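According to my numbering, the sequence shown holds residues 38 to 655 in order.
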Amino acid sequence: MITSITSVLVANRGEIACRVFRTCHASGIRTVAVHSDADENALHARVADTAVRLPGATPAETYLRADLIVKAAVAAGADAVHPGYGFLSENAGFARAVQDAGLVWIGPPPEAIETMASKTRAKALMGLAPLNADEVTESDLPVLVKAAAGGGGRGMRVVRRLAELKPALDGARAEAASAFGDGEVFVEPYVENGRHVEVQILADTHGTVWALGTRDCSLQRRHQKVVEEAPAPGLSGELAGELCAMAVRAARAVDYTGAGTVEFLVADGRAHFLEMNTRLQVEHPVTEAVFGLDLVAEQIRVAEGHALAAEPPRARGHAVEARLYAEDPAADWTPGTGTLHRLAVPDGVRLDTGFGDGDTIGVHYDPMLAKVVAHAPTRAEAVRTLAGALEKATIHGPVTNRDLLVASLRHEEFTSARMDTGFYDRHLTALTAPAPDPYAPLAAALAEAHGRSRFGGWRNLPSQPQTRRYLLAGEEHEVRYHHTRTGLTADGVHVVHADAALVVLEADGVRRRFRVARYGDRVHVNGTTLTALPRFPEPEDQRAPGSLLAPMPGTVVKIADGLVTGSSVRAGEPIVWLEAMKMQHVISAPTAGKLTALPVTTGQQVEVNALLAVVQGP
38 MITSITSVLV ANRGEIACRV FRTCHASGIR TVAVHSDADE NALHARVADT
88 AVRLPGATPA ETYLRADLIV KAAVAAGADA VHPGYGFLSE NAGFARAVQD
138 AGLVWIGPPP EAIETMASKT RAKALMGLAP LNADEVTESD LPVLVKAAAG
188 GGGRGMRVVR RLAELKPALD GARAEAASAF GDGEVFVEPY VENGRHVEVQ
238 ILADTHGTVW ALGTRDCSLQ RRHQKVVEEA PAPGLSGELA GELCAMAVRA
288 ARAVDYTGAG TVEFLVADGR AHFLEMNTRL QVEHPVTEAV FGLDLVAEQI
338 RVAEGHALAA EPPRARGHAV EARLYAEDPA ADWTPGTGTL HRLAVPDGVR
388 LDTGFGDGDT IGVHYDPMLA KVVAHAPTRA EAVRTLAGAL EKATIHGPVT
438 NRDLLVASLR HEEFTSARMD TGFYDRHLTA LTAPAPDPYA PLAAALAEAH
488 GRSRFGGWRN LPSQPQTRRY LLAGEEHEVR YHHTRTGLTA DGVHVVHADA
538 ALVVLEADGV RRRFRVARYG DRVHVNGTTL TALPRFPEPE DQRAPGSLLA
588 PMPGTVVKIA DGLVTGSSVR AGEPIVWLEA MKMQHVISAP TAGKLTALPV
638 TTGQQVEVNA LLAVVQGP
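Listed below in structure tokens is the structure:
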């Protein structure tokens, strides 16, 4: 029986909610957003036809309240629910609650979710078994502690020493419970330097299952995918066919319908089953580009009862996707917060984002700003197009991983398709070595000086140069320039043009243009971000020696058991656990000594640089 869906509630937020709404709007389907208090003015709430507030104890927990989401769908008159990814997308109880309310569930049957959404049950179905955590020995190492539910690198820890196993289990359970509402974890062998390859499947209710080729997701940092592409390069036709056949068998084994992904680790020409994700994946756009499909539209058609064609469309060309995150490589990849003043990419690439210009990046959710996707006839062309687009993108706001993405895409190991999951273990330091534009500070200073130069700043008599200081890639840069009768000048450089938004410099016969934008003390010069320092240094902040400061805004979720002011601590001993953007960060003692201050409590919200504790040496 064919059902006509007229209104869809997306039980999610951010980029994926906006992505689903885009297809719905193009199809004439009304849209309903749900939002936490922190997301009241978020882009997904603004672009939906209707938005419903979800009350919750914390913003992160809001989207895990199945009862409130179902109630919102009914109240808003939606007749279908799309789960997106993350949160409740692989929660069989939520799927049943949607169906019990008389709504259409745009996803697989709850029974399939129940079997496959848990990685432990999925492995059992495929004839595999995880390791018993209590029986792991030195000979089993390294092992991977992994959340049974969810994905995105949450609740994952590599263990190389037995002493690390229990802390890894505890940390993974806490992180998984926070991100997915399910703290179950398991242990499996860790295969190093393999390739992460997955197969996109799409199945209808009439018995047809499509295997929409392969994707390579090997470029991962902290088990979080960074760059993905389709098809996976360098696989033999035999191995690619084997992966697709295994994915179809897995889908048929649970009477799967809708979109899903079967993931493998490929090493030494062999495929090792990892898991099946019973939802749409973050990286689905590369498959859409290669097959010329809208997977969200296909999900809706399947949910309405339509049949797929006997065979999928032919694959054409190659697609590559990069995930743009608000994170600072100079600060151990601390997630960034603040205002995203401007985000734009050149024509010819796809931008999927959950933010609009002027939106605030908060502390409660994943720090991904956007996905940028390029499609071309060949892999080399797609990679080149994506790297160029990222390099020319306008990103005004918190520091991002943009430079890492560009450097990764241009690295010889990647361009020759010889990468594996150990890519960043080998190359991260070199890829993130600062390579600032030496003319960026001068361009920033000349743009700032433009307004003053119009009001007679020059003098007939020689005078001292004007100076400005900027922080760039962790280093202070001082630049000097002069106001003259003919305009601004700088030693060794011909200033062709300078105004508040554009500076043109010529050095050694080469002319370069610099687009400049300033927001407070943050200055963006082309793709370089600088911090303007005060003309006269401020007195240094007086902090007690041994002060442990919050590296980001977040919530104190745990304080080490038994620790009080006066306690003795060892070097490296965990003191405070801080949670931000669904990840936990352990703040440890830098040296052995006494805990002389502990001003925070569990559950307390703290800002960046807030004092968490003070450890002073003996």
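Idealized CB from N, CA, C, for every residue including glycine. These numbers come from a predicted model, not from an experiment.
Is DSSP giving residue i helix, strand or coil here?
{"i": "F310", "result": "strand"}
{"i": "Y122", "result": "coil"}
{"i": "G278", "result": "helix"}
{"i": "H62", "result": "helix"}
{"i": "Q641", "result": "coil"}
{"i": "S44", "result": "strand"}
{"i": "L178", "result": "coil"}
{"i": "A650", "result": "strand"}
{"i": "R197", "result": "coil"}
{"i": "Q237", "result": "strand"}
{"i": "H561", "result": "strand"}
{"i": "T371", "result": "strand"}
{"i": "L483", "result": "helix"}
{"i": "D389", "result": "strand"}
{"i": "Y507", "result": "strand"}
{"i": "G524", "result": "strand"}
{"i": "P471", "result": "coil"}
{"i": "P366", "result": "helix"}
{"i": "L202", "result": "helix"}
Determine the direct distance from the alpha carbon of residue j to that of residue i, and round the result to whole angstroms.
{"i": "W495", "j": "V516", "result": "In this prediction, W495 scores a pLDDT of 47, lower than 50, which makes its location untrustworthy; the coordinate-derived value is nonetheless stated afterwards. W495 and V516: Cα-Cα distance of roughly 18 Å."}
{"i": "A480", "j": "G393", "result": "27 Å"}
{"i": "P226", "j": "D171", "result": "14 Å"}
{"i": "A381", "j": "G144", "result": "32 Å"}
{"i": "H531", "j": "G511", "result": "28 Å"}
{"i": "A569", "j": "H534", "result": "21 Å"}
{"i": "L361", "j": "V593", "result": "27 Å"}
{"i": "T565", "j": "E450", "result": "25 Å"}
{"i": "P92", "j": "D365", "result": "32 Å"}
{"i": "T95", "j": "A282", "result": "43 Å"}
{"i": "W247", "j": "G395", "result": "41 Å"}
{"i": "Y293", "j": "G65", "result": "27 Å"}
{"i": "A277", "j": "A626", "result": "49 Å"}
{"i": "P146", "j": "G609", "result": "47 Å"}
{"i": "M456", "j": "P268", "result": "14 Å"}
How far does the alpha helix (DSSP H) with residue i in it extend, from its first residue to its last?
{"i": "I106", "result": "A103 to A113"}
{"i": "E449", "result": "E449 to T452"}
{"i": "V327", "result": "H321 to F328"}
{"i": "Q621", "result": "Counting along the chain, Q621 falls outside any alpha helix (DSSP H), though it belongs to the beta strand (DSSP E) covering M620 to S625."}
{"i": "V135", "result": "A129 to D137"}
{"i": "M153", "result": "P147 to M153"}
{"i": "D403", "result": "First-last for D403: undefined, no H or E at that position."}
{"i": "R353", "result": "Premise fails: R353 is in no alpha helix (DSSP H) and is neither H nor E."}
{"i": "H464", "result": "F460 to L468"}
Over what stretch of residues does the beta strand (DSSP E) that includes residue i continue unbroken?
{"i": "I596", "result": "G591 to I596"}
{"i": "P226", "result": "V222 to P226"}
{"i": "G297", "result": "G295 to A304"}
{"i": "G250", "result": "V246 to R258"}
{"i": "S584", "result": "S584 to L586"}
{"i": "A5", "result": "Limits of the chain in this structure are 38 at one end and 655 at the other, which puts residue 5 out of reach."}
{"i": "Q261", "result": "Q261 to A267"}
{"i": "R552", "result": "V547 to Y556"}
{"i": "E543", "result": "L539 to A544"}
{"i": "T87", "result": "T87 to R90"}
{"i": "F339", "result": "First, the residue type needs correcting, since residue 339 is Val and not Phe in the sequence shown. Careful: V339 lies outside any beta strand (DSSP E), inside the alpha helix (DSSP H) at L332 to E341."}
{"i": "H433", "result": "T431 to H433"}
Would residue i and residue j qualify as a contact pair, given that the criterion is a beta-carbon distance under 9 Å?
{"i": "E543", "j": "R552", "result": "no"}
{"i": "Q237", "j": "H321", "result": "yes"}
{"i": "L388", "j": "A407", "result": "yes"}
{"i": "Q336", "j": "L311", "result": "no"}
{"i": "M589", "j": "V333", "result": "no"}
{"i": "E300", "j": "H233", "result": "yes"}
{"i": "Y402", "j": "G51", "result": "yes"}
{"i": "T390", "j": "C55", "result": "yes"}
{"i": "P404", "j": "G434", "result": "no"}
{"i": "S126", "j": "F460", "result": "no"}
{"i": "T397", "j": "T376", "result": "yes"}
{"i": "K595", "j": "T639", "result": "yes"}
Are the C-beta atoms of residue i and some chain C residue less than 9 Å apart?
{"i": "A205", "result": "Protein chains in the displayed structure number just one, and chain C is not present."}
(request) State whether the stretch 153-163 contacts the stretch 178-187, with contact taken as three or more CB pairs (one from each stretch) at a distance under 8 Å. (result) yes
(message) Taking 8 Å as the cut-off, does the stretch 296-311 touch the stretch 99-118 (at least 3 CB pairs, one atom from each stretch)?
(response) no
(request) Decide yes or no for the touch test of the stretch 432-445 against the stretch 259-267: beta carbon pairs closer than 8 Å, at least 3 of them. (result) yes
(request) Report yes or no: do the stretch 627-638 and the stretch 598-609 share at least 3 C-beta pairs separated by less than 8 Å? (result) yes
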